[in-house]
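Working notes for the structure below.
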């Protein structure tokens, strides 16, 4: 192989690797939709307890967004989350929620008692919106009840 061919090959490979650095990404653009706009939050309980309210405040502050709340049952709110109608679901969500195959979960922001055992407490975001999820996790970092 000629040295010129190797240089071209290396340039193509380097460019390909750099273009892959866009990850994490939001295929549905959640970060851009929320930034300097409205954070639509599905609340499973009303009123929110202190931990969930603090988490929503922190997330809204990171995005310089105004929180707008929607209440409902888990099936309705998680369906709205999947469809992109809301951006975040809160309300004492356990990490072992049966909806885990359809949503993405934040890092734990504390724990909750479920019967006779304790589980991590999390927030739910739209599956695949990884940049948004990373920002949510950074916002709630250190927020442990």
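Residue numbers (mature numbering (1 follows the signal peptide of the UniProt record, and there is no 0)): -20 to -1, 1 to 125. Cβ atoms here follow ideal geometry from the backbone N, Cα and C, with glycine treated the same way.
Taking a cut-off of 8 Å on C-beta distances, the stretch 43 to 61 does not touch the stretch 95 to 102, as fewer than three cross pairs fall below it. Contiguous beta strand (DSSP E) elements confined to the stretch 74 to 119 occur at 83 to 85, 91 to 94 and 97 to 106, taking only those with 3 or more residues. Counting along the chain, the unbroken alpha helix (DSSP H) around residue 58 starts and ends at 54 to 62.
Beta-bridge partners assigned by DSSP to residue 48: 20.
Nearest in C-alpha terms to residue 27, of all of 59, 49 and 41, is 49. Boundaries of the alpha helix (DSSP H) harbouring residue 42: 30 to 42, taken from the DSSP string. For residue 124, no pairing in a beta bridge is given by DSSP.
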